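Participant: To start, I am sharing the structure in question, which I have written as C-alpha cells.
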Amino acid sequence: MTIGQFRYRAALEDFHEARQRADLQAVLARLTGKSNELLSYDEVAQKLRLAARTERGVQSIPVQAIVGSVSRYADFTRTFLPRRTEDKERWVRVKTAFSDLKGTGLPPIEVYKVGDVYFVLDGNHRVSVARQEGWPYIEAHVIEVQTNIPLTPDVQPDDLIVKAEYADFLAQTGLATLRPDVELSLTAPGQYEKLKEQIQVHHYFLVQDQQRQVTYQEAAADWYDQVYTPVAEAIGERGLLRWFPGRTATDLYLWVSEHRQALQWELGWEIRPEAALTDLAAKESARAESQEAAPGSWRQARLVDRYLERLFADILVPLSGTAESWRALEQAIAIAQREGAHLHGLHIVDAEAQSKSPEALAIQSRFQQQCAAAGVAGSLAIESSEVARQICQRALLTDLIVLHVAHPPAAGLPSLGSGLRTIIRRSARPLLAVPGEASGLERALLLYDGSPKAREALFVAAYLGERWQTALTVIALREEAKAAPSVLDYARRYLEFHELAADFILTTGPLDVILKTVAERQIDLVLMGGYSASALEEVMAGSAVNFMLREVQCPLLICR
3 MTIGQFRYRA ALEDFHEARQ RADLQAVLAR LTGKSNELLS YDEVAQKLRL AARTERGVQS
63 IPVQAIVGSV SRYADFTRTF LPRRTEDKER WVRVKTAFSD LKGTGLPPIE VYKVGDVYFV
123 LDGNHRVSVA RQEGWPYIEA HVIEVQTNIP LTPDVQPDDL IVKAEYADFL AQTGLATLRP
183 DVELSLTAPG QYEKLKEQIQ VHHYFLVQDQ QRQVTYQEAA ADWYDQVYTP VAEAIGERGL
243 LRWFPGRTAT DLYLWVSEHR QALQWELGWE IRPEAALTDL AAKESARAES QEAAPGSWRQ
303 ARLVDRYLER LFADILVPLS GTAESWRALE QAIAIAQREG AHLHGLHIVD AEAQSKSPEA
363 LAIQSRFQQQ CAAAGVAGSL AIESSEVARQ ICQRALLTDL IVLHVAHPPA AGLPSLGSGL
423 RTIIRRSARP LLAVPGEASG LERALLLYDG SPKAREALFV AAYLGERWQT ALTVIALREE
483 AKAAPSVLDY ARRYLEFHEL AADFILTTGP LDVILKTVAE RQIDLVLMGG YSASALEEVM
543 AGSAVNFMLR EVQCPLLICR
C-alpha cells in the first residue's frame with residue numbers, strides 16, 4: 003500500500019467517524035433543545051439589515067468563531083461535522099491534502115465577518131477538516147459586513163428573532179446614529195415593543211413640556227439619555243447583573259420598569275426608578291430573606307446625592323392610628339418641607355379584609371389631609387402583614403423611616419422580643435425614632451465610637467450641618483480611654499473637610515453623661531449608629547441604642 007493510499011484510507015475512516023458524530027449530535031440536539039444548525043448568512047443578512055461591506059484582506063481567524071455558511075449551511079452541523087454521505091469524496095480529498103501539505107500551502111478560505119462571527123463563502127470542507135483536526139485558527143480572506151447588532155460565537159438561530167427586532171428598533175429610533183455607543187440588547191423576543199411604548203409616552207410629554215414639534219428620533223435620544231441611562235448606570239454600579247446570569251442591563255431595566263409600575267399600583271405611591279431597582283434586587287438576591295444590608299452600604303449608595311441633590315427624597319412613615327403615632331407624621335412633614343421629599347405612609351392591619359375598614363380609611367384620609375395642608379406630596383398604603391417585616395421591606399423603597407416610639411426595648415432579656423429592635427437591626431435605611439413632640443432639628447448631638455454604623459451617622463450629621471445649618475456637638479464614646487482621642491480625631495477631620503464647625507466632647511464615663519449633655523445644650527436631635535454587639539452581649543452588658551430609646555426625649559436618628 004502506497005503512502006497516498008494509506009492517507010486516503012485514513013481520511014475515509016475519519017469521514018465515517020465524523021458522520022457518526024454528526025448523527026449523535028443531531029440526537030443530542032433534539033434531547034437538549036439546543037440548535038445544532040449552522041446559521042444561514044442570507045437569513046442573518048435579511049434580519050439584521052446587513053448591507054455595507056469592507057475588504058479586510060487575508061487574516062488568521064479563530065475556527066470556533068465560524069458559525070454559518072453562505073450556501074452550505076444545511077450540509078454541516080454547528081461544529082462543521084459533515085451531514086451528507088454524498089460529500090464523502092470531496093471531504094476525503096481535502097483531508098488528504100491537509101495530510102500531504104501538513105496543513106500548509108492550502109489556499110485561504112473566504113468568509114464574511116459579521117460582528118465577532120464568520121460565515122463561509124468558499125471553503126466549507128476546509129473548515130470542516132480544520133475543525134476536526136483541532137486547529138485553533140485558519141487563514142481566510144475576510145470581507146467585513148457592517149452591523150450595529152452584536153453577534154458572538156454562541157449565537158443560536160432563535161437569537162436571530164431578537165437580533166432582528168433589535169435591528170428594527172435601531173432603524174426606527176435612529177439611536178445607532180444619534181448615540182453611536184448605544185447598547186440595548188435584550189434576550190427575549192417581543193420586548194422591544196415595550197421600549198417603543200416608553201419612547202412614545204416620553205415623546206408625548208416632551209412635546210407638552212417644550213411646546214414644539216419633536217421628532218420621534220429626538221424623543222428616543224432624550225429617552226435614552228434621561229430615562230434609560232441613569233437606571234442602566236445604577237444597575238452597573240451596583241453589580242446587580244450578577245444576580246441575573248445570562249441577562250443584559252436592558253433586560254433588567256425592563257424588569258425594573260415593570261416592577262416599579264406594579265409597586266405603584268399596589269401601594270399608590272410614586273416610586274423612583276432607583277428605589278424600584280433596589281427593591282427588585284433585594285427580592286432576587288440571596289440575602290433578600292433577611293434584608294440585612296452591610297454597614298455603610300446606604301452611605302455609599304447615596305454619596306453622590308448627598309453632594310448634588312438631597313439625601314432624603316422619599317420618607318416612610320408607619321402609622322398605627324394612635325394619637326401618639328401622628329407625631330411621627332408631624333416630624334416627617336417638617337423634614338419633607340426642608341428636603342422637598344415625598345412622604346410614603348404605611349398603615350398595617352392584621353387581615354386584608356380590614357384594609358377597607360372605616361378605621362383604616364380614616365387614617366388614610368387624615369394622612370392625605372395633613373400632607374395637603376403642609377404642602378407636601380404624600381400617599382398612604384394600607385397593607386396586611388407582620389409589622390416589622392413589612393416596614394423593613396417597604397423601607398427599601400425610601401431613604402428614611404420616621405417612626406413613633408410607642409414601646410422602646412426594655413433592659414436585659416426582654417429587649418430581644420422588641421419589634422422596634424427588630425426593625426432597627428433589619429432595616430437597610432436610617433430610622434428616626436420620635437418619642438414625643440416634633441422637633442426643629444436645629445441642635446444635633448452625634449454619638450460617635452468609630453464603628454462603621456457610627457460613620458453612617460457622621461455622614462448624615464455632616465449633611466445636616468451643611469444643608470440645614472444644624473449646630474453639631476460630637477461625643478466620642480469608647481470604653482478604652484486611650485482609644486477615644488483617635489476616634490474623636492477622625493470625626494473632627496471629617497467635619498473639617500466639609501468646612502463644618504462642631505463642639506467635641508471626650509468621655510469614657512456612663513451613658514448618663516449623654517443625657518446631661520442633651521439637657522444642658524438643649525439638643526433636639528441625637529444621631530448614632532445602630533446595634534453592633536451580638537444578642538448575648540446586648541443582654542449581658544446592655545445596649546447604648548436601647549438606653550437612648552428609653553431615656554432620650556428628642557428624636558433619635560439610628561443609622562446602619
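Numbering (our numbering), first residue to last: 3 to 562.
For glycine and all other residues, C-beta sits at the position ideal for the given N, C-alpha and C.
Since the structure is predicted, the reported quantities are computational estimates derived from the model, not experimental observations.
Count the other CB atoms within 10 Å of the CB of residue 115; is the residue buried (16 or more) or exposed (fewer)?
Facilitator: Buried is the call here.
Participant: In chain order, what residues of the same chain have a beta carbon less than 7 Å from the beta carbon of residue 132, not counting five sequence neighbours either side?
Facilitator: 65 and 140
Participant: Can you give, in chain order, each stretch of the alpha helix (DSSP H) that sits fully within the region 326-359 and has at least 4 residues?
Facilitator: 328-341
Participant: In whole angstroms, what separates the C-alpha of residue 239 from that of residue 261?
Facilitator: 20 Å
Participant: Tell me which same chain residues have a C-beta within less than 7 Å of the C-beta of residue 353, skipping the five on either side of it?
Facilitator: 386
Participant: By a C-beta neighbour count over all protein chains shown, 10 Å radius and 16 as the cutoff for buried, is residue 479 buried or exposed?
Facilitator: buried
Participant: Kindly indicate which residue of 149, 39 and 156 has the alpha-carbon position closest to the one of residue 166.
Facilitator: The shortest C-alpha separation from residue 166 is found at 149.
Participant: Relative to the alpha-carbon of residue 435, which residue among 349, 229 and 529 has its alpha-carbon at the smallest distance?
Facilitator: If we check each option's Cα against that of residue 435, 529 comes out closest.
Participant: Residue ranges of each beta strand (DSSP E) run of no fewer than 3 residues wholly in the region 29-87, ordered along the chain?
Facilitator: Secondary structure in the region 29-87: the beta strand (DSSP E) runs of 3 residues or longer, each lying completely within the stretch, are 55-64 and 68-71 in chain order.
Participant: Along the beta strand (DSSP E) that carries residue 509, what are the first and last residues, could you check?
Facilitator: 504-509
Participant: CA-CA distance, residue 545 and residue 533?
Facilitator: 8 Å
Participant: Does the beta-carbon of residue 429 have 16 or more other beta-carbons within 10 angstroms, so that it is buried, or is it exposed?
Facilitator: Buried is the call here.
Participant: Would residue 42 be called buried (16 or more neighbouring beta carbons within 10 Å of its own) or exposed?
Facilitator: buried
Participant: Unbroken alpha helix (DSSP H) runs of length 4 or more, entirely within the region 193-221: which are they?
Facilitator: 194-212
Participant: Measuring only the C-alpha atoms, how far is residue 189 from residue 517?
Facilitator: 59 Å
Participant: Run through DSSP, which three-state label would residue 533 get?
Facilitator: coil
Participant: Taking DSSP as the reference, what is the three-state secondary structure of residue 454?
Facilitator: helix
Participant: So the candidates are 380, 555, 477 and 364; which of them puts its Cα closest to the Cα of residue 266?
Facilitator: 380
Participant: How would you write the range of the beta strand (DSSP E) that residue 478 sits in, first residue to last?
Facilitator: 473-479
Participant: Is residue 346 near residue 383, with beta carbons less than 9 Å apart?
Facilitator: yes
Participant: Report the three-state DSSP secondary structure of residue 143 (helix, strand or coil).
Facilitator: DSSP, read as helix, strand or coil, puts residue 143 in strand.
Participant: Within 10 angstroms of its Cβ, does residue 205 collect 16 or more other Cβ (buried), or is it exposed?
Facilitator: Burial of residue 205 is indicated by the presence of at least 16 other C-beta atoms within 10 angstroms of its C-beta.
Participant: Tell me residue 384's beta-bridge partners as DSSP assigns them.
Facilitator: Under DSSP, the beta-bridge partners assigned to residue 384 are 349.
Participant: What ranges does the beta strand (DSSP E) occupy inside the region 93-135, keeping only unbroken runs of at least 3 residues that lie completely in it?
Facilitator: The qualifying runs are 111-116 and 119-124.
Participant: Per DSSP, which one or two residues make a beta bridge with residue 445?
Facilitator: 473
Participant: First and last residue of the alpha helix (DSSP H) that includes residue 320?
Facilitator: First-last for residue 320: 316-320, but that is the beta strand (DSSP E), not the alpha helix (DSSP H).
Participant: Three-state secondary structure (DSSP) at residue 4?
Facilitator: coil
Participant: Grouping DSSP H, G and I as helix and E and B as strand, with all else coil, what is residue 525?
Facilitator: coil
Participant: Count the other CB atoms, across all protein chains shown, that sit within 10 Å of the CB of residue 127; report buried if there are 16 or more and exposed otherwise.
Facilitator: buried
Participant: Starting from residue 234, trace the alpha helix (DSSP H) both ways and give me its first and last residue.
Facilitator: 231-239 is the span of the alpha helix (DSSP H), which, as asked, contains residue 234.
Participant: For the alpha helix (DSSP H) containing residue 251, list its first residue and its last residue.
Facilitator: First-last of the alpha helix (DSSP H) with residue 251: 251-269.
Participant: What is the DSSP secondary structure of residue 190, counted as helix, strand or coil?
Facilitator: The three-state reading of DSSP puts residue 190 in coil, since its state is none of H, G, I, E or B.
Participant: Residue 396 to residue 163, Cα distance in whole Å?
Facilitator: 38 Å
Participant: Determine the direct distance from the alpha carbon of residue 75 to that of residue 288, and round the result to whole angstroms.
Facilitator: Its pLDDT being 44, under 50, residue 288 is placed unreliably in this model, and the coordinates cannot settle the point.
Participant: For residue 561, report the span of its beta strand (DSSP E) as first-last.
Facilitator: 558-561
Participant: Between residue 424 and residue 446, which are expected to be in contact by the criterion C-beta below 8 Å, what is the C-beta distance as a whole number of angstroms?
Facilitator: Between residue 446 and residue 424 the Cβ distance is about 26 Å, and since that is not below 8 Å, they are no contact.
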